[in-house]
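Trainee:
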Amino acid sequence: MNAVNKDVQLFKNHLVQKRLKLTRQRETILEAFLKTDHITAEELYRKLSGRKQGRRLALATIYRTLNLLCEIGIGQQRHFDDNKTIYDNVLHKKHHDHLICNKCDKIIEFESPAIERLQEEMATRHGFTLHHHRLELYGHCIDWENCRDRQRAAPR
Ligand SMILES: [Zn+2]
Ligand SMILES: [Zn+2]
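Taking our numbering, the leading residue of the sequence shown gets 708, the next gets one more, and so forth.
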């Protein structure tokens with residue numbers, strides 16, 4: 708079984724538990740989601756509505772399916788500065804933090820053992836036990852031309 712089939716199987720098992728079926732639509736959404744890194748429901752909708760489909764996918768179906776993916780841990784909801792819900796494909800990712808461009812919405816993932824350690828130290832120093840954390844750093848791309856190109860390519 709290759710990696711993608713295994714992911715589909717994981718999703719299928721979860722759907723069975725929920726007494727839901729792996730419909731063609733849900734499978735299409737899963738496959739598209741697994742090819743992305745971070746995506747909103749609207750972006751996924753635009754991506755899929757351009758394709759030839761037997762039936763058109765409803766935005767509500769995409770939302771529901773993305774939320775199912777979050778329930779099994781394939782996806783994670785993120786709410787960055789502008790409060791849009793972004794779905795992070797975390798299937799093959801460990802804990803990571805984010806750098807977010809406020810101009811073009813680019814999202815960069817990073818993991819720094821030094822920062823992780825400092826956060827633990829800070830918590831301990833204040834008599835606190837950390838369960839989890841979210842670190843989001845906001846700014847804009849240094850490569851300004853590229854950043855503007857992205858803005859033009861994907862207007863809000
Ligand atoms: Zn991420
Ligand atoms: Zn940018």
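Yeah, the Cβ is synthetic: ideal placement off N, Cα and C, and Gly gets one too.
At the level of alpha carbons, what is the spacing between residue 844 and residue 719?
Mentor: Going by the C-alpha atoms only, they are around 36 Å apart.
Trainee: With DSSP as the reference, please indicate the residues paired to residue 732 in a beta bridge.
Mentor: Beta-bridge pairing links residue 732 to no other residue.
Trainee: Taking all protein chains shown into account, do 16 or more other C-beta atoms lie within 10 angstroms of the C-beta of residue 832, making it buried, or fewer, making it exposed?
Mentor: Residue 832 comes out exposed.
Trainee: Does the beta-carbon of residue 782 have 16 or more other beta-carbons within 10 angstroms, so that it is buried, or is it exposed?
Mentor: Under this definition residue 782 is a buried residue.
Trainee: Should the stretch 764-778 be called in touch with the stretch 808-823, which here means at least 3 C-beta pairs below 8 Å?
Mentor: Verdict: no, contact absent.
Trainee: Just the Cα atoms here: how many angstroms apart are residue 847 and residue 784?
Mentor: Roughly 22 Å separates the two Cα atoms.
Trainee: Would you check if the distance between the CB atom of residue 751 and the CB atom of residue 736 is smaller than 8 Å?
Mentor: Yes, the Cβ-Cβ distance between residue 751 and residue 736 is below 8 Å.
Trainee: Please give the ranges of any beta strand (DSSP E) in the stretch 763-810, keeping only runs that are unbroken, at least 3 residues long and fully inside the region.
Mentor: Qualifying beta strand (DSSP E) stretches, in chain order: 782-786, 792-796 and 804-808.
Trainee: May I ask which residues mark the beginning and end of the beta strand (DSSP E) holding residue 843?
Mentor: From DSSP, the beta strand (DSSP E) with residue 843 extends over 843-846.
Trainee: On the DSSP letters alone, give me the boundaries of the alpha helix (DSSP H) that residue 749 sits inside.
Mentor: That run of the alpha helix (DSSP H) goes 748-756.
Trainee: Can we count residue 847 as close to ligand 2, meaning its CB is less than 7 Å from some heavy atom?
Mentor: Correct: residue 847 has its Cβ closer than 7 Å to ligand 2.
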